[in-house]
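Engineer: When we follow our numbering, the leftmost residue of the sequence shown carries the number 13, and every step to the right adds one.
Glycine included, C-beta positions come from ideal geometry on N, C-alpha and C.
All figures in this text were calculated on a predicted structure; none of them were measured in a lab.
My questions all concern the structure below.
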Amino acid sequence: MATEKGSGITAYSVKTKTKNVPMIDPVIDIKSGRYIATGKDSAGNKMAAIMGKATAEEHIKNGNAKKGTGW
Numbered sequence: 013m014a015t016e017k018g019s020g021i022t023a024y025s026v027k028t029k030t031k032n033v034p035m036i037d038p039v040i041d042i043k044s045g046r047y048i049a050t051g052k053d054s055a056g057n058k059m060a061a062i063m064g065k066a067t068a069e070e071h072i073k074n075g076n077a078k079k080g081t082g083w
């Protein structure tokens with residue numbers, strides 16, 4: 013689940029089993045009507061977070077993420 017902590021996007025890291033890990037260089041795509049932020053953590057592990065439309069647009073407006081496919 014995506015949450016806002018500071019200004020960036022954070023997500024759960026399945027590999028390290030830790031919550032609120034900051035996502036580096038996130039890209040938000042729209043797939044099947046869902047807004048999905050994908051990126052990597054500081055160790056290079058892939059991460060993903062599903063969020064609502066308002067949250068996704070806010071992150072893009074603030075420069076925290078880039079637009080991907082589906083927009």
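Between Met63 and Pro34, what straight-line distance do the alpha-carbon atoms span, to the nearest angstrom?
Structural biologist: Whole-angstrom Cα-Cα distance: 15 angstroms.
Engineer: Going straight from the alpha carbon of Gly75 to that of Thr28, what length do you get?
Structural biologist: If you take the alpha carbons of Gly75 and Thr28, they lie about 27 angstroms apart.
Engineer: When DSSP builds the beta bridges, which residues end up paired with Lys78?
Structural biologist: Val39.
Engineer: For Ala49, is the classification buried or exposed, using 16 other Cβ atoms within 10 angstroms of its Cβ as the cut-off for buried?
Structural biologist: The residue in question, Ala49, is buried, as its Cβ has 16 or more Cβ neighbours within 10 Å.
Engineer: Considering only DSSP beta bridges, list what Ala49 is partnered with.
Structural biologist: According to DSSP, Ala49 bridges with Ile40 and Ala61.
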